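Q: Could you have a look at this structure, given as structure tokens, before my questions?
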Amino acid sequence: MKYRLLTLLAVIALVAAACSSSGDDATTTTAAGGSTDTTVAGGSSADTIDIDFWVAFSDEKRLGYAQDRAAEFNGAHPDYNIRVTSFASYNDVFDAAVLAVDSSRPPALIHFFEAATREALDAVDGDGNKIFKSVTDAIAGRTEILGEPVVLDSVVSAARDYYTVDGSFYSMPWNTSSTVLLSNMSILEAAGVTEPPATWGEVTAACEKIMAMDGAPAGCISWPNHSWHAEQALGQQGELLANNDNGRTARATEVFIDSPGMVAYVSWMKDLTDAGYYTYTGLQRDWGGVDTLFLAEDIAMQIDSSSDTLIHQAEAADLGFDFKASFMPRNEDVDYVGNLIGGATIWMVDGMDQVTEDGALAFMNFFSNPENAAAWHQLTGYVPITDDAVDLLNSEGWYDDEPNAKVASDQLAAAQNTPASLGALIGNFVGIRDVITLAIEDILVNDLDVAERLGQANEEANKSLQEYEALFGG
Amino acid sequence: MLIVGLVIAALVGPLWVWRNIEDPSVQRYGIGSAVAVLGAAVTPIAMGQCGFAENTSSVDHLFAWGLMVGGGWFALAIMKAVFDRVDGKTQAGSSMAGEIRTRGFRLGWWVPWVLLSPTLIILIVFLYVPAVSTFTLATKLTRLGAPKSIDVCFGNFTELLITNPFQLVAYPLIAIALVYGANYWSNHSTPGSTSRRFADIATPIAALSVFVALYAIFSPGGGGQVAYRPVYVTTIIISVGIVATGMIGGLAIAYLAFRQIGGGGVYRTLLIWPYAISPAVAGLLFFMIFDPSAGIFTYTMDNLFGVQVPNYRESAILAQLSIILASSWKIIGYNILFYLAGLQTVSTDQIEAALLDGASAWQRFTKIVLPALSPITFFLLVTNLTYAFFEVYATIDFMTKGAPAGKTSVAIYEIIRIGVNNGDLGRGAAQSVLLFLAVIGITLWQFKTSGERVSYGGS
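Here the protein sequences come in this chain order: S and Y. In terms of our numbering, the first sequence has 443 at position 443, counting the first letter as 1, and numbering is strictly consecutive. Positions in the second sequence are counted from 1; adding 474 to them yields our numbering.
What follows is the structure in structure tokens.
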């Protein structure tokens, strides 16, 4: 009897774990751990139209901003009720949205990051209809919706060009940033470096001085091993990540991960690592780890998203070191072409009735009206998303007081408008980005040949892209 | 090919009946033949004979043949169970049903089914349907939200293996031959003889050859194949590490904590606490201890002793050790709980008798306590292995994210990375099936080997 009972327990435990795991992980890919709190802002009565807005932020500051704007909008438009739902990540929002469309309960507005652009355009429901509607088409030339002025035409060109596909501006930009170099000027100046380095060679030279001085920090520079940084380096050098003009004149069917520009970038990164200048946190996409190093003054410089500029500036002031933001260092051996944007936009679901859709459109335009876009920039350091917002900030004298806040906008304005500096639209971009960061980690940690390992990554990434195209390419 | 296979099945069926069933009647030979054909035909027909299609590789053919053999064998095994029951060789119901009968209940045949139906419905909806769709998904190339899917037959499996069909067949066959050979040697040698002693050494070595064979058949990558060999090696290292550390540590602590000590109750309760922590929190805790820039341990070592602790995420050994440490720390409370309960059942008479006979503490532990705990150990082995295989994802995700370069990316971590994060449902499903089969295989093997040695004290 004892034997039977124990055996039975063992078998039940085993089968339950095995089946549930294999079942869950592969078949029902839900956004587990995604949705956290739904905020119903404003009073909801029977007559109000609910408009769900799914946001991929869960931090107090950025989610709170969205919730506050929703509450303001609801106050001004009592017919509508914008409901903000928070998700842990962009991937969670995307998966949840696809499943919600399948079960005919999609939210009106969804917050997606730039890498999901191709997949958002390709997304279809169970009947094969496109899930998302072009915001330009929906606005249909109107200059005002429900009394909210349309701001789409005022969106800064870097963001407009990125999200314009086949001539149509599909989604409403919200948080947009670029990569900037943040320097601890106290350390740089102690080492006799007066200006933040502008090129790869200058970074190496500055690091040499910094690491040679007495009381040198543990490392000189760091940035997250994120594919976005590699893509920035490609844009700067004017090289394409994917064919068909980075997937902008036609669908991308091939990626170039072992291109000369990529090899040059990773080789520079590896040389810095081998010299002990670059500190690798040991984790892929480790934004937080690099921030910790920089704020603990374990490193003198970090290449970060401009969205952190003002936050780090405030922290640096608290910690008592001089802080400066500057352009992302570039490869001095080739002509500079341009840095690209990163961040996310708001996508609108197709198939809503006109009244609901107008509410959603009005909210999006309200959300990025000059005052709100300027406030969002001042809160975080994301670039002001419209030219009107930039004008507003200028008239307030904001940039005179905060020169660091302007770096990202200036960097984007300095870019030539080529497919290379616009960035790529690729299917399965998230998976391909993983291939790139894994290869870089392998090279940094295991001291591998750069070109050979990137060649291997290129094979994997192309296989992945071809499979995506076989499923979605029509 | 299908026809050839089915003809072979029709002939092998009766042969099997002749070997495995006593005094079969003519009908039974016929049934055996039909059942074998049916079993062999299920998978090729369900999959549209894709494994035999023109453009497929010899490895695909092998897979198709393997599934036909497996299907036929499985069908025959079920048939034997049915025959045995018809012949009255096995008890029709469980002992509980016997109890009910002896007390004179008269129940319709449908009553148990009605009573079981809520459980059955839950099992079907939440276990069997997803499990079956996992198998279906494993034969497809598809993504979440994709408008279509493409049948890839066994492609999601064969890309994990080496491409040489002869090696693919030879390595597992050699391993199986070694296991059976060692078993035969052991059974046919006199206990206590030199030959038997060598056989006893050969048996575990033969068992290890199974793991070596699996290592050999998983692809090292390149040539369009997926590098699954590193994942396999990582999974073995980390799983064995977790189970060994967790169980040996659990037993050691339980044995120490079992003594009569002041405040023992409180102390023993505290020992169990780590089990209440989720794998994610365990990962976060150890991350905060060992993180090179913000970790408590690294900070203390640096500031108190001037020792620079290396970044655990940049060394394969340190990364794997840290995962093993965090995961076994979490499961150790569970093991202590069971061992504490088990220790209470160890006969004090035997211990006292051994004490009088002058047995040392170590001898008492190894000769009396350990064998008495063997049922608990067996149970814990299965649950710990399940934990090591399926529940370490969150710990790894917090501590290393698979770093350095995949050296801590175990099977379940790969499945979630590929199937969920990258949305590649087909490959994720195929690897789930693989992990599922691995657990079934290891458990069956444990039942066979440990089961023989487990002592339940004669009840």
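Cβ coordinates follow ideal geometry from the N, Cα and C atoms, glycine included. Quick caveat: nothing in here was measured; it's all calculated off a predicted structure.
Whose Cβ in chain Y lies nearer than 9 Å to the Cβ of Leu-438 (chain S)?
A: Mapped onto the first sequence, residue 438 (chain S) falls at position 438. Within 9 Å Cβ-Cβ: Gly-876, Ala-879 and Gly-880.
Q: Which bits of chain Y does Asn-446 (chain S) rub up against, with CB to CB less than 8 Å?
A: Within the first sequence, residue 446 (chain S) is the residue found at index 446, counting from 1. Result: Pro-878 and Ala-879.
Q: Any contact of the stretch 784 to 792 of chain Y with the stretch 845 to 854 of chain Y, i.e. 3+ C-beta pairs under 8 Å?
A: These segments do not touch.
Q: For Tyr-702 (chain Y), which three-state DSSP category applies?
A: Here residue 702 (chain Y) refers to the residue found at position 228 when the second sequence is read from its first residue. Three-state DSSP puts Tyr-702 (chain Y) in coil, outside helix and strand.
Q: Please report the distance separating the alpha-carbon of Ala-555 (chain Y) from that of Asn-225 (chain S).
A: For the purposes of this step, residue 555 (chain Y) is taken as the residue at position 81 of the second sequence. For the purposes of this step, residue 225 (chain S) is taken as the residue at position 225 of the first sequence. If you take the alpha carbons of Ala-555 (chain Y) and Asn-225 (chain S), they lie about 57 Å apart.
Q: Mind checking whether Ala-420 (chain S) and Gly-235 (chain S) have CB atoms under 8 Å apart?
A: Residue numbering aside, residue 420 (chain S) sits at position 420 when the first sequence is read from its first letter. Residue numbering aside, residue 235 (chain S) sits at position 235 when the first sequence is read from its first letter. Going by C-beta atoms, Ala-420 (chain S) is nearer than 8 Å to Gly-235 (chain S).
Q: Which same chain residues end up closer than 8 Å to Ser-409 (chain S) when comparing Cβ atoms and leaving out the 5 residues on each side of it in sequence?
A: Residue mapping note: residue 409 (chain S) aligns to position 409 of the first sequence, counting from 1. Cβ neighbours of Ser-409 (chain S) beyond the five flanking positions: Val-156, Val-383, Pro-384 and Val-390.
Q: What would DSSP say about Thr-164 (chain S), mapped onto helix, strand or coil?
A: Counting from 1 along the first sequence, the entry for residue 164 (chain S) is found at position 164. Correct three-state label for Thr-164 (chain S): strand.
Q: CB Asp-388 (chain S) to CB Val-151 (chain S), shorter than 8 Å?
A: Your numbering for residue 388 (chain S) matches position 388 in the first sequence. Your numbering for residue 151 (chain S) matches position 151 in the first sequence. Going by C-beta atoms, Asp-388 (chain S) is nearer than 8 Å to Val-151 (chain S).
Q: Taking any Cβ of chain S, which residues in the stretch 615 to 645 of chain Y have a Cβ under 9 Å from it, in chain order?
A: Listed in sequence order: Leu-615, Thr-616, Arg-617, Leu-618, Gly-619, Ala-620, Pro-621, Lys-622, Ser-623 and Ile-624.
Q: Would you verify that the beta carbon of Asn-785 (chain Y) is, or is not, closer than 8 Å to some beta carbon of chain S?
A: As a position in the second sequence, residue 785 (chain Y) is number 311, starting the count at 1. Yes, its Cβ sits closer than 8 Å to a Cβ of chain S.
Q: Once DSSP output is grouped into helix, strand and coil, what is the label at Gln-466 (chain S)?
A: Here residue 466 (chain S) refers to the residue found at position 466 of the first sequence. Helix at Gln-466 (chain S).
Q: Which same chain residues, not among the five before or five after Trp-747 (chain Y), have their C-beta less than 7 Å away from its C-beta?
A: As a first step, residue 747 (chain Y) must be located in the second sequence, where it is residue number 273. Excluding residues within five positions, the ones whose Cβ falls inside 7 Å are Gly-807.
Q: Have a look at Gly-34 (chain S) and Ser-89 (chain S) and give me their C-alpha separation to the nearest angstrom.
A: The residue labelled residue 34 (chain S) in the question sits at position 34 within the first sequence. The residue labelled residue 89 (chain S) in the question sits at position 89 within the first sequence. With a pLDDT of 37 at Gly-34 (chain S), under the threshold of 50, the modelled position of this residue cannot be trusted; read the value that follows with caution. Answer to the nearest angstrom: the Cα atoms are 8 Å apart.
Q: Taking C-alpha atoms, which residue in S:Ile-299, S:Ala-424 and S:Phe-53 lies nearest to Gly-276 (chain S)?
A: As a first step, residue 276 (chain S) must be located in the first sequence, where it is residue number 276. Of the listed residues, the one whose Cα sits closest to Gly-276 (chain S) is S:Ile-299.
Q: Under a three-way DSSP split, which group does Lys-881 (chain Y) fall into?
A: Along the second sequence, read from residue 1 onward, the residue named residue 881 (chain Y) stands at position 407. Three-state result, Lys-881 (chain Y): coil.
Q: Against chain Y, with Cβ distances strictly below 8 Å, would Asp-92 (chain S) count as a contact?
A: On the first sequence, residue 92 (chain S) is found 92 positions in, with the first residue counted as 1. Asp-92 (chain S) does not count as touching chain Y.
Q: Would you verify that the beta carbon of Asp-434 (chain S) is, or is not, closer than 8 Å to some beta carbon of chain Y?
A: The residue you call residue 434 (chain S) lines up with position 434 of the first sequence. Yes, Asp-434 (chain S) lies at the interface with chain Y (some Cβ there is under 8 Å from its Cβ).
Q: Of all Cβ atoms in chain Y, is any one closer than 8 Å to the Cβ of Ala-273 (chain S)?
A: For the purposes of this step, residue 273 (chain S) is identified with residue 273 of the first sequence, where counting begins at 1. The residue asked about is misnamed: residue 273 (chain S) is Thr in this sequence, not Ala. Judged by the 8 Å Cβ criterion, Thr-273 (chain S) is not in contact with chain Y.
Q: Give a yes or no on whether the minimum CB-CB distance between Asp-898 (chain Y) and chain S is below 8 Å.
A: In the second sequence, residue 898 (chain Y) corresponds to position 424, counting from 1. Closer than 8 Å: yes.
Q: Quick one, which of S:Ala-158, S:Lys-130 and S:Tyr-170 has its alpha-carbon nearest His-111 (chain S)'s?
A: Taking the first residue of the first sequence as 1, we reach residue 111 (chain S) at position 111. Closest option to His-111 (chain S), Cα to Cα, is S:Tyr-170.
Q: Who are the Cβ neighbours of Leu-611 (chain Y) in its own chain at under 7 Å, not counting the five residues just before and after it?
A: Numbered from its first residue, the second sequence carries residue 611 (chain Y) at position 137. The answer, listed in chain order, is Leu-899, Gly-900 and Ala-903.
Q: Just the chain Y side, please: which residues come within less than 9 Å of Thr-292 (chain S) by C-beta, in chain order?
A: For the purposes of this step, residue 292 (chain S) is identified with residue 292 of the first sequence, where counting begins at 1. Result: Asp-765, Ser-767 and Ala-768.
Q: What do you get for Glu-189 (chain S), buried or exposed, if any count of 16 or more other CB atoms within 10 angstroms of its CB means buried?
A: Start at 1 with the first residue of the first sequence, and residue 189 (chain S) comes out as number 189. With fewer than 16 other Cβ atoms within 10 Å, it is exposed.
Q: Note down the Cα distance separating Arg-69 (chain S) from Ile-890 (chain Y), rounded to an integer number of angstroms.
A: Working through the first sequence from its first residue, we reach residue 69 (chain S) at position 69. Working through the second sequence from its first residue, we reach residue 890 (chain Y) at position 416. So the two alpha carbons sit approximately 36 Å from each other.
Q: Does DSSP put Gly-473 (chain S) in a helix, a strand or coil?
A: Numbered from 1 along the first sequence, position 473 holds the residue referred to as residue 473 (chain S). In this structure, Gly-473 (chain S) counts as coil in the three-state DSSP scheme.
Q: Going by DSSP, name the residue or residues bridged to Met-301 (chain S).
A: Looking up residue 301 (chain S) in the first sequence gives position 301. According to DSSP, Met-301 (chain S) bridges with S:Ser-183 and S:Ile-221.
Q: For Asn-895 (chain Y) and Ala-754 (chain Y), what's the separation of their Cα atoms in angstroms?
A: The count along the second sequence starts at 1 and reaches residue 895 (chain Y) at position 421. The count along the second sequence starts at 1 and reaches residue 754 (chain Y) at position 280. When rounded, the distance between both Cα atoms is 17 Å.
Q: Could you confirm whether any beta carbon from chain S is found closer than 8 Å to the beta carbon of Asn-809 (chain Y)?
A: By one-based count along the second sequence, residue 809 (chain Y) stands at place 335. Closer than 8 Å: no.
Q: Spell out the partners DSSP gives Arg-617 (chain Y) in its beta bridges.
A: In the second sequence, residue 617 (chain Y) corresponds to position 143, counting from 1. Per DSSP, Y:Asp-898.
Q: Do Val-255 (chain S) and Ile-432 (chain S) come within 8 Å of each other at the CB atom, strictly closer than that value?
A: Walking along the first sequence from the start, residue 432 (chain S) turns up at place 432. Walking along the first sequence from the start, residue 255 (chain S) turns up at place 255. Contact flag set, yes.
Q: Report yes if the C-beta distance between Phe-321 (chain S) and Asn-184 (chain S) is below 8 Å; otherwise report no.
A: Translated into positions along the first sequence, residue 321 (chain S) becomes position 321. Translated into positions along the first sequence, residue 184 (chain S) becomes position 184. A contact, by the Cβ cut-off of 8 Å.
Q: Could you list which residues in chain Y have their beta carbon closer than 7 Å to that of Glu-467 (chain S), in chain order?
A: On the first sequence, position 467 is the one that residue 467 (chain S) refers to. In chain order: Leu-615.
Q: Please state the DSSP three-state secondary structure of Arg-105 (chain S).
A: Counted from its first residue, the first sequence places residue 105 (chain S) at position 105. Coil.
Q: For Asn-529 (chain Y), count the other beta carbons within 10 Å of its own beta carbon; 16 or more makes it buried, fewer makes it exposed. Which is it?
A: Numbered from its first residue, the second sequence carries residue 529 (chain Y) at position 55. Burial call: exposed.
Q: Quick check on Asn-777 (chain Y) - is its C-beta less than 8 Å from some C-beta in chain S?
A: As a position in the second sequence, residue 777 (chain Y) is number 303, starting the count at 1. Answer no: the Cβ-Cβ gap between Asn-777 (chain Y) and chain S never drops below 8 Å.
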